[in-house]
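Asks: Supplied in C-alpha cells, the structure appears directly below.
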Amino acid sequence: MRSGTGEFRVNPLFGALAASTIVGIGAVYWFLRFRMLGPVEAKYSQERLEWSERGAFSQELLEAHPMPETPESFAESVQFGVDRFLARFGGLDVFVWFRRAPLGAFDGTDGDLIVRSGSLESLEPADLKLEEALWDKAFSTEQGWKVSGELPGNCGRLLSVRGARAIRFVPWGTRDRLWGLISAVSYGSNAEAADRHKEPLETLAAYFTSMADRASRFWELDRARERLQGGLDVTMQRLDETNLQLIQRAKEMRTLQEVTDIISEHPDQSDVLSAIIGIVAKSLDADICAFLTFDQDTGELVTLPGAFGVNESDGMYRIPLTNEHSSSVRVFRFGKPFITGDAQNDPDVIAHYAKLWNCRSLMVVPLRVESQRIGVMRVGSFRKDLFSEDHIGFVQVIAEEAAVLIESAVLSKKLQDTNLELQRMHSMKDEFVSTVSHEFKTPLTSIQGFLAVLLDGDAGEIPAEQRRFLKIVKSAADRLHLLVTDLLDLSKLEGGVQIELESIDLVETAQKCLEGQRLAAQARSITLELSASGELPAAHGNTQWLGQVFDNLVSNAIKFTPEGGRVTVGLENKGEGLLARVSDTGIGIPEDEQRRVFEKFFRASNRNAMPAPGTGLGLAICRQIVDRHGGRIWFESSSGQGSTFFFVIPTERASAAVGAKNA
Numbered sequence: 004m005r006s007g008t009g010e011f012r013v014n015p016l017f018g019a020l021a022a023s024t025i026v027g028i029g030a031v032y033w034f035l036r037f038r039m040l041g042p043v044e045a046k047y048s049q050e051r052l053e054w055s056e057r058g059a060f061s062q063e064l065l066e067a068h069p070m071p072e073t074p075e076s077f078a079e080s081v082q083f084g085v086d087r088f089l090a091r092f093g094g095l096d097v098f099v100w101f102r103r104a105p106l107g108a109f110d111g112t113d114g115d116l117i118v119r120s121g122s123l124e125s126l127e128p129a130d131l132k133l134e135e136a137l138w139d140k141a142f143s144t145e146q147g148w149k150v151s152g153e154l155p156g157n158c159g160r161l162l163s164v165r166g167a168r169a170i171r172f173v174p175w176g177t178r179d180r181l182w183g184l185i186s187a188v189s190y191g192s193n194a195e196a197a198d199r200h201k202e203p204l205e206t207l208a209a210y211f212t213s214m215a216d217r218a219s220r221f222w223e224l225d226r227a228r229e230r231l232q233g234g235l236d237v238t239m240q241r242l243d244e245t246n247l248q249l250i251q252r253a254k255e256m257r258t259l260q261e262v263t264d265i266i267s268e269h270p271d272q273s274d275v276l277s278a279i280i281g282i283v284a285k286s287l288d289a290d291i292c293a294f295l296t297f298d299q300d301t302g303e304l305v306t307l308p309g310a311f312g313v314n315e316s317d318g319m320y321r322i323p324l325t326n327e328h329s330s331s332v333r334v335f336r337f338g339k340p341f342i343t344g345d346a347q348n349d350p351d352v353i354a355h356y357a358k359l360w361n362c363r364s365l366m367v368v369p370l371r372v373e374s375q376r377i378g379v380m381r382v383g384s385f386r387k388d389l390f391s392e393d394h395i396g397f398v399q400v401i402a403e404e405a406a407v408l409i410e411s412a413v414l415s416k417k418l419q420d421t422n423l424e425l426q427r428m429h430s431m432k433d434e435f436v437s438t439v440s441h442e443f444k445t446p447l448t449s450i451q452g453f454l455a456v457l458l459d460g461d462a463g464e465i466p467a468e469q470r471r472f473l474k475i476v477k478s479a480a481d482r483l484h485l486l487v488t489d490l491l492d493l494s495k496l497e498g499g500v501q502i503e504l505e506s507i508d509l510v511e512t513a514q515k516c517l518e519g520q521r522l523a524a525q526a527r528s529i530t531l532e533l534s535a536s537g538e539l540p541a542a543h544g545n546t547q548w549l550g551q552v553f554d555n556l557v558s559n560a561i562k563f564t565p566e567g568g569r570v571t572v573g574l575e576n577k578g579e580g581l582l583a584r585v586s587d588t589g590i591g592i593p594e595d596e597q598r599r600v601f602e603k604f605f606r607a608s609n610r611n612a613m614p615a616p617g618t619g620l621g622l623a624i625c626r627q628i629v630d631r632h633g634g635r636i637w638f639e640s641s642s643g644q645g646s647t648f649f650f651v652i653p654t655e656r657a658s659a660a661v662g663a664k665n666a
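In this text, residue positions in the sequence shown follow this note's numbering: the first is 4, and each later residue adds one.
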C-alpha cells in the first residue's frame, strides 16, 4: 500500500503469508528430491561406480599380465584374472576348469582344475568335476547360464551342502582347442551376487578367451618351430652319422679291396693271411695282428704263420680250448668280441701271452663263415687304451670278409687237391675198365666158346665127372662175363655215352624181357605175370637200354624170391609218363639199408637167405639209364614181404611237347 508520503508499505499479514508459501514450496521440493530423485541418483552413482570398476578391471587385465608362453604360465594368468576379479567384486567363490586339445602336456580328456578360491580351496578336483552335460549347456550360449535352488550333479549337491544357493557357468575359449568354464558360486542371502557380477564375469571370460586364442596359436607355432628345429637337428645328426659311416665304409671297402687284390696276386694261403693281417695292422695303426684258427685234430687255437709283429719262435703259440682263462678261447667258443685297454693287467686276459706279445691294448674278434666259427683274429698295440668300440665294429667287418676269403682259399686248395685225386682215380678206373675190356673180355669169350664146344660134345664124349667140372667152370666164366659187361655198361653211362631216343613200345620191351627170364623163373617154380592197363601210348626211349632195366629188375626179383613165388610186371599211363613196376614176393630189403640200394656194389645183408650170384651193379645201372631218359626210379620194400621197383619214362607226346616248348 502506498502511504500518504508516497511510499509503499507491506502488509504484515501478506508478508507472513508469502513467507509461509515459500517455506512450503521448499519443503515440497526437498520431499520430492529425497523420495523420488534420491534413489535414482543413488542407482546412477552406483552404476557409474560399477562401470568405473569394470573399466578399471578390464584395463588391469589387459595391462598387468603378459601373454602366457607355456601351459603353466597360462594357468598363472587365469589365477591372476580370478584374483583381480575377486579383489574388485567380492561375495563369490570361483573355480575354473581348463581343457586343451592334445597338443602337448595336457591331453584334454577330463581337463584341469586350475583355480579354486575361498572355501573351495579345501576341496579336491574330483569334488568339483562337472558333468559333460553342464559343459554342453554352458557352451550352447555365449553368456553361459545360471542355476539356482537345487544345484545339478555331484558337484552341485556337494556345494548345496556347503550353503551354495546359485552357480553361474560362463564359458571361455574355443571348444576342442583351448577352452574352459568359469563357475561363480554364491551363498545364502548373497545369492544375487552371481547375477550382480554377470558382466564382470563375462569380461573375465572374454579376457580368458582372448588370452587362450593367442596362447594356443603361440604354442602351436612354438611347437612347429621345435619340430622343425628338432627335425633339422636330427637331420644334421643323421647326415653327420651317415658321413662318418660313409667314411668308415669307404675305409673298410678300400681295405677289403686291398685284401682282394693281394689274394689274386698271391694264391698261396700263407701269403694271403700275411697280406690280410698286414693291411689290417696298417689300417688300425696296430703293432700286432694275427689269425688263430681252430685245429680240429688237437682241439687247439693255433697261431698261423705270417703273423704281423710277432716273433716266429716265441709268438707262434697254441691255446687249448679247455683254457677258459684265455680271451681268444672265450671269443671262439661264445662268438662275442673282446676289447681291453690294458691286457697285461686285465684279469680276463692271460698275462703270460700278453707279455709275450708285449701287448697293452687288445681286440679279439671271431672268424666265422656263416654260423660256423673257424678261429679268431687278434689285434694288439703297445699303447694303452688305443682301441674303442668303433674299432671293434671295423675289425669285425674285416674279420667277416677275411674269414670268407680264408675259407675260400682253404676250400679252393682242398677242391684242387680233391679234383686231382678224382682225376687220378678216374684215370685209374678208366685204366681198369680198359684192362677188363681188352684183357678179360676177349680171352673170356674164347673160354666160353671152347667150354660150349666141349659141353655140347663137339670135341668128343666127356666123362660125367669131367662134365660136372666143366659146368662149374662155365658158371664161373658166365659170372665173370656178367661182371665185365656190367662194368663196361656202367662206365659207358657215367662217361656220357650217347643214347639214341625214339618212339618205342614199352609193353613189347617188357614182354621180351619176361620171355628171356622165363626159363630162370620156371627153374624155381616162380610165376611171371605182365599187366598193362588199357592201351598205352608210345614211350620216348631206347629199347636196348630200357630192356636192360627190365632185365636187371626182373632178374633180381627172381633171384630173391623163394620157390613158388610170383613176379609181376605192370605198366600204366600216367599222362606225361609211363609208369612201370616190378613186384615180387621175395625177402625184401632191410629198412636200415634201403638208402644204399642204388649204390654201386651194394648187396643187402639178408642176401645169404637166398644165395644168388650178382655184381651189385645192376640197380646202379638202372638208375643211370632211367636218369638219362629224363625219368625217375624208386622202390618200396619191407623185409620179408617183398619189394616193388617203380620207374617212370616220358611218353613220346610229352617229350615232343617239351621239345617244342624249348625250341
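Think of the CB as a built atom: it goes at the ideal place given N, C-alpha and C, for glycine as much as any other residue.
(1) Grouping DSSP H, G and I as helix and E and B as strand, with all else coil, what is Asn576?
(2) Run the CB neighbour count on Arg471, radius 10 Å, all protein chains shown included, and call it buried at 16 or more, exposed below.
(3) Can you tell me the Cα-Cα spacing of Gly578 and Ile636, whole angstroms?
(4) What number of angstroms, rounded off, separates the C-alpha of Val283 from the C-alpha of Ile342?
(5) Count Cβ pairs between the stretch 200-214 and the stretch 80-97 that sit closer than 8 Å; are there 3 or more?
(6) Please list, in chain order, all residues of the same chain as Arg180 whose beta carbon is under 7 Å from its beta carbon, the five residues on each side excluded.
(7) Could you tell me whether the Cβ atoms of Ala187 and Leu204 are closer together than 8 Å?
(8) Using the DSSP secondary-structure output, state which residues sit across from His543 in a beta bridge.
(9) Taking Arg56 as the reference, give the member of Val173, His200 and Val26 with the closest Cα.
(10) In angstroms, rounded to a whole number, what distance separates the CA positions of Ser536 and Gly573?
(11) Take every Cβ of the stretch 587-605, pair it with every Cβ of the stretch 448-460, and state whether three or more of those distances are shorter than 8 Å.
(12) Under a three-way DSSP split, which group does Phe88 fall into?
(13) When DSSP labels each residue in this structure, what does Phe221 get in the three-state scheme?
(14) How long is the line joining the alpha carbons of Gly234 and Leu224, rounded to whole angstroms?
(15) Taking the Cβ atom as the reference point for each residue, do Lys387 and Asp349 lie within a distance shorter than 8 Å?
(16) Quick check: what's the CA-CA separation for Leu304 versus Ile322?
(17) From the DSSP secondary-structure annotation, give me the bridge partner or partners of Leu582.
(18) Applying the 10 Å Cβ sphere with the 16-neighbour rule, what's the burial state of Val500?
(19) Write down the C-beta distance between Leu539 and Leu509 rounded to the nearest angstrom, noting that I regard them as a contact closer than 8 Å.
(20) Would you decide whether His429 is buried or exposed? Buried here means 16 or more other CB atoms lie within 10 Å of its CB.
(21) Kindly give me the distance between the Cβ atoms of Leu137 and Pro128, rounded to whole angstroms, as I take these residues to be in contact under 8 Å.
(22) Can you tell me whether Ile28 is buried or exposed? The criterion is at least 16 other CB atoms within 10 Å of its CB, across all chains shown.
(23) Helix, strand or coil for Trp148? Go by DSSP, reduced to three states.
(24) Starting from the Cα of Tyr320, find the closest Cα among Gly338, Ala357, Val334 and Leu287 and give me that residue.
(25) Does the stretch 544-556 come close enough to the stretch 591-600 to have 3 or more Cβ pairs within less than 8 Å?
(26) Which of helix, strand or coil does DSSP assign to Trp138?
(27) Have a look at Met366 and Thr421 and give me their C-alpha separation to the nearest angstrom.
(28) With distance defined between alpha-carbon atoms, name the residue in Leu447, Ile185, Pro565 and Gln240 nearest to Gln668.
(29) Residues bridged to Glu532 by DSSP?
(30) Under the three-state reduction of DSSP, which class applies to Cys362: helix, strand or coil?
(31) Straight-line CA distance for Val379 to Thr306?
(32) Check whether the Cβ of Asn422 lies closer than 7 Å to any heavy atom of the ligand SAM, and answer yes or no.
Replies: Reading it off the structure:
(1) strand
(2) exposed
(3) 17 Å
(4) 16 Å
(5) yes
(6) Ala104 and Ser219
(7) yes
(8) Ser506
(9) For the sequence presented, residue 56 should be read as Glu rather than Arg. Looking at the Cα atoms, His200 is the closest of the given residues.
(10) 8 Å
(11) no
(12) helix
(13) helix
(14) 15 Å
(15) no
(16) 5 Å
(17) Glu575 and Val651
(18) exposed
(19) 7 Å
(20) exposed
(21) With a Cβ gap of about 15 Å, Leu137 and Pro128 do not count as contacting.
(22) exposed
(23) strand
(24) Ala357
(25) no
(26) helix
(27) 36 Å
(28) Residue 668 lies beyond the stretch modelled for the chain, which goes from 4 to 666, so this question has no answer here.
(29) Thr571
(30) coil
(31) 10 Å
(32) With respect to small molecules bound, the structure shown includes none, and the ligand SAM cannot be examined in it.
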